[in-house]
Amino acid sequence: MNAIEVVHASKIYRRFGHKKQFATLKSALLRGSLIRDLKPEETFTAVRDVSFTVPSVCTLGVIGRNGSGKSTMLKLVAGITKPTEGTVTVNGRISALIELGAGFHPEISGRENVFINGIMLGLTRKEVDERFDEIVDFAELRDFIDAPVKTYSSGMYMRLGFAVAIHVDPDVLLVDEVLAVGDEGFTHKCLDKFGEFKRRNKTILLVTHSLGLVERFCDQALWLDSGEKRGEGDPKRIVGAYMTSVERQEERFLASTDAKAHVEADEHRTETPQGPVDAGDDATDMNRVGEGRWGTGGVEITGVTLQNDEGLTTHIFHTGEPVTLRLTVRPTKPIRDFVFGIGIFNAEGFCVYGTNTDIEDHEADLLSGEAEIALVIDALDLVEGTYKLDVAVHRRDGAPYDYHRFLYTFRMKSRVKDVGVYRPHHHWEFKGDVKFRLKT
Numbered sequence: 001m002n003a004i005e006v007v008h009a010s011k012i013y014r015r016f017g018h019k020k021q022f023a024t025l026k027s028a029l030l031r032g033s034l035i036r037d038l039k040p041e042e043t044f045t046a047v048r049d050v051s052f053t054v055p056s057v058c059t060l061g062v063i064g065r066n067g068s069g070k071s072t073m074l075k076l077v078a079g080i081t082k083p084t085e086g087t088v089t090v091n092g093r094i095s096a097l098i099e100l101g102a103g104f105h106p107e108i109s110g111r112e113n114v115f116i117n118g119i120m121l122g123l124t125r126k127e128v129d130e131r132f133d134e135i136v137d138f139a140e141l142r143d144f145i146d147a148p149v150k151t152y153s154s155g156m157y158m159r160l161g162f163a164v165a166i167h168v169d170p171d172v173l174l175v176d177e178v179l180a181v182g183d184e185g186f187t188h189k190c191l192d193k194f195g196e197f198k199r200r201n202k203t204i205l206l207v208t209h210s211l212g213l214v215e216r217f218c219d220q221a222l223w224l225d226s227g228e229k230r231g232e233g234d235p236k237r238i239v240g241a242y243m244t245s246v247e248r249q250e251e252r253f254l255a256s257t258d259a260k261a262h263v264e265a266d267e268h269r270t271e272t273p274q275g276p277v278d279a280g281d282d283a284t285d286m287n288r289v290g291e292g293r294w295g296t297g298g299v300e301i302t303g304v305t306l307q308n309d310e311g312l313t314t315h316i317f318h319t320g321e322p323v324t325l326r327l328t329v330r331p332t333k334p335i336r337d338f339v340f341g342i343g344i345f346n347a348e349g350f351c352v353y354g355t356n357t358d359i360e361d362h363e364a365d366l367l368s369g370e371a372e373i374a375l376v377i378d379a380l381d382l383v384e385g386t387y388k389l390d391v392a393v394h395r396r397d398g399a400p401y402d403y404h405r406f407l408y409t410f411r412m413k414s415r416v417k418d419v420g421v422y423r424p425h426h427h428w429e430f431k432g433d434v435k436f437r438l439k440t
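As structure tokens, this is what we get:
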């Protein structure tokens, strides 16, 4: 038997504006529908014709961008709202960790709120009494349980709501991004509780932005985009497809941003250097100037591209992949004094790496026409983040022909969320009485 069955479900909301569509609820009901008679521009479709099933004893992860319809779908399954079209069927007792602490009264104590909230979620008073100590200990609120809820911090409030909801012992558990309700220790307790639910053959529907959690914890994955189903199936396959889609959107955004920045810099181009021009200079000196373009114009940089190992121009790379930084240049006349430089900076303006042809012993001889220069990096081992490029062609004394400062952006992606800027190749070794277990 399927625990959840969603068949051609759609949810349409009315857009609210200055114009009132209905004078009263009575007039709306007499007209037959709150939605049907509205013009298309007066409605918003949060979920559009979505169908899927969740078997009993299955954990389904729902992923997608903000505004993709994930939370709306969860509310449809929870019965908080009804579908405008289609059907949603749930077999078994539901507990929804969606709006934690909904129904808590701020003026009364946590103890009283536990009983009220537990009964609202379907427990009897006796059942709440039997689970009370476990709920309070799980929420780590033993010293504050008799204080009014209005004196709780937001984290305490959310932890208590989570603890009550998780101890309802449902057949179907609905979870909507609630793993940020406490510190790291409490998050691990939540994950352990989910693992316990899986071992007890419960059905879990999990909405989250944590793609790693979906891959490790879920049996199936559902990808929603703009209210529509884009994919369903194996978590690794669905997460991979989703990440590819996100990267394509980021690629388009970065390309348009770079183009705009280059046009603006070209319009405000000056001949006087606004700061140091040598990509090999000290990083503190490099940080004294902002984005822009300047130079005397003896040589012009006509093109800058970043290419992957397939030779395709892109702004998105993965840690450890090869990257080629390619410059196209054109002199106004033949010259013999020239240096090509490239610098990589992180989003905070810290110089990650800088080099040029002169300091790497490439002595200039002659530049007589259009040319292409490429810096080939076999493996760019930067951690995940946004980075900026400096590119320049200048004389050996540093005087710039054409200097492009922070006009090109690229992003590094990584499944490992480490910190810093550089990720060296490495592995871990362990000896003695030490064990690890797979994260859940």
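Residue numbers (the numbering used here): 1 to 440.
Beta carbons are placed, not taken as given, at the ideal position from N, Cα and C, and that holds for glycine.
Query - Best match in E228, I204, R111, F194 for proximity to V50 [C-alpha to C-alpha] - result: Taking the first residue of the sequence shown as 1, we reach residue 50 at position 50. V50 has its Cα closest to that of E228, out of E228, I204, R111, F194.
**Report entry** Rounded Cβ spacing between L380 and V323 (contact assumed at less than 8 Å)
**Finding:** Indexing the sequence shown from 1 puts residue 380 at position 380. Indexing the sequence shown from 1 puts residue 323 at position 323. Your pair L380 and V323 checks out as a contact, with CB atoms roughly 4 Å apart and the cut at 8 Å.
Report task. Could you tell me how far apart the beta carbons of S56 and A3 are, in whole angstroms, since I believe they sit closer than 8 Å? Result -> By 1-based counting over the sequence shown, the position of residue 56 is 56. By 1-based counting over the sequence shown, the position of residue 3 is 3. The pair is a contact, with the Cβ atoms about 5 Å apart (cut-off 8 Å).
Query raised in the report: Apart from the five residues just before and just after R48, which ones in its own chain have a Cβ nearer than 6 Å to its Cβ?
Result: Counting from one through the sequence shown, the residue named residue 48 turns up at place 48. Excluding the 5 residues flanking it on each side, R48 has same chain C-beta neighbours closer than 6 Å at S10, G227, E228, in chain order.
Query raised in the report: Is the beta carbon of L224 sitting closer than 7 Å to the one on V175?
Result: Position 224 of the sequence shown, counted from the first residue, corresponds to residue 224. Position 175 of the sequence shown, counted from the first residue, corresponds to residue 175. It is not a contact, given that the beta carbons lie outside the stated cut-off.
Report task. Could you tell me whether the Cβ atoms of Y422 and G295 are closer together than 7 Å? Result -> Locating residue 422 in the sequence shown gives position 422, counting from the first residue. Locating residue 295 in the sequence shown gives position 295, counting from the first residue. Not closer than 7 Å, so no.
Requested in this report: Whole angstroms is fine: what's the gap from T89's alpha carbon to L121's?
Outcome: Position 89 of the sequence shown, counting from 1, holds the residue named residue 89. Position 121 of the sequence shown, counting from 1, holds the residue named residue 121. Distance between the alpha carbons of T89 and L121: 19 Å.
Query raised in the report: S256 to V246, Cα distance in whole Å?
Result: By one-based count along the sequence shown, residue 256 stands at place 256. By one-based count along the sequence shown, residue 246 stands at place 246. One C-alpha to the other measures close to 16 Å.
**Report entry** Whether V299 touches L327 by CB criterion (7 Å)
**Finding:** Translated into the one-based positions of the sequence shown, residue 299 becomes position 299. Translated into the one-based positions of the sequence shown, residue 327 becomes position 327. The criterion of a C-beta distance shorter than 7 Å is not satisfied by V299 and L327.
Report task. Spatial neighbours of P424 within its chain, please: CB distance less than 8 Å, with the 5 preceding and 5 following residues excluded, ordered by chain position. Result -> Position 424 of the sequence shown, counting from 1, holds the residue named residue 424. Once the five neighbours on either side are set aside, the close Cβ partners of P424 are D381.
Report task. Pair every Cβ in the stretch 58-68 with every Cβ in the stretch 211-221, then say whether three or more of these pairs are closer than 8 Å. Result -> Yes: at least three Cβ pairs fall under 8 Å.
Query raised in the report: Hey, how far is the Cα of I442 from the Cα of A163?
Result: Look at the range of the chain in this structure, 1 to 440, and you will see that residue 442 is not part of it.
**Report entry** Same chain, Cβ closer than 6 Å to I342, neighbours up to 5 away in sequence not counted
**Finding:** Numbered from 1 along the sequence shown, position 342 holds the residue referred to as residue 342. A279, L325, L375, V391, listed in sequence order.
**Report entry** Presumed contact (8 Å Cβ cut-off) between M412 and F350, rounded CB distance
**Finding:** Along the sequence shown, one-based indexing puts residue 412 at 412. Along the sequence shown, one-based indexing puts residue 350 at 350. About 14 Å; that fails the 8 Å criterion.
Query raised in the report: What first and last residue would you give for the beta strand (DSSP E) that runs through H262?
Result: Position 262 of the sequence shown, counted from the first residue, corresponds to residue 262. DSSP places H262 outside any beta strand (DSSP E); the residue lies instead in the alpha helix (DSSP H), whose first and last residues are 235-267.
Report task. Rounded to whole angstroms, what's the CA-CA distance from K75 to G69? Just pull it up for me. Result -> Translated into the one-based positions of the sequence shown, residue 75 becomes position 75. Translated into the one-based positions of the sequence shown, residue 69 becomes position 69. Between K75 and G69, the C-alpha separation is close to 10 Å.
Report task. Out of R14, T203, R415, S71, point me to the one whose CA is closest to F44's CA. Result -> Counting from 1 along the sequence shown, the entry for residue 44 is found at position 44. Minimum Cα distance to F44 is reached at R14.
**Report entry** Opposing strand residues paired with H425 [DSSP bridges]
**Finding:** The count along the sequence shown starts at 1 and reaches residue 425 at position 425. By DSSP's assignment, H425 forms no beta bridge with any residue.
Query - Neighbourhood of I377 by C-beta distance below 6 Å, restricted to the same chain and skipping five residues each side - result: The residue given as residue 377 occupies position 377 in the sequence shown. Excluding five sequence positions before and after I377, the CB atoms of its chain that fall closer than 6 Å to its own CB belong to V323, given in chain order.
Requested in this report: Grab the span of the beta strand (DSSP E) containing M451 for me, first residue to last.
Outcome: Not covered by the structure: residue 451. The range shown for the chain is 1 to 440.
**Report entry** Length of the line joining the Cα atoms of F197 and E112
**Finding:** Against the sequence shown, residue 197 aligns to sequence position 197. Against the sequence shown, residue 112 aligns to sequence position 112. Approximately 27 Å between the Cα atoms of the pair.
Report task. Please go through the same chain and pick out, in chain order, the residues whose beta-carbon is closer than 7 Å to the beta-carbon of E5, but skip the five residues on each side of it. Result -> Numbered from 1 along the sequence shown, position 5 holds the residue referred to as residue 5. Non-local C-beta neighbours of E5 in its own chain, meaning closer than 7 Å and more than five positions away in sequence, comprise T53, T89, ordered along the chain.
Query - Between the CA atoms of I108 and I116 - distance to the nearest angstrom - result: By 1-based counting over the sequence shown, the position of residue 116 is 116. By 1-based counting over the sequence shown, the position of residue 108 is 108. Near 11 Å, if we compare the C-alpha coordinates of I108 and I116.
Requested in this report: Report back the beta-carbon spacing between F340 and N356 to the nearest angstrom; my notes put them in contact at under 8 Å.
Outcome: Here residue 340 corresponds to residue number 340 of the sequence shown, with the count starting at 1. Here residue 356 corresponds to residue number 356 of the sequence shown, with the count starting at 1. Yes, F340 and N356 are in contact; Cβ-Cβ is about 6 Å, under 8 Å.
Query raised in the report: Which term fits H105, buried or exposed, when burial requires 16 or more other beta carbons within 10 angstroms of its beta carbon?
Result: Translated into the one-based positions of the sequence shown, residue 105 becomes position 105. H105 comes out exposed.
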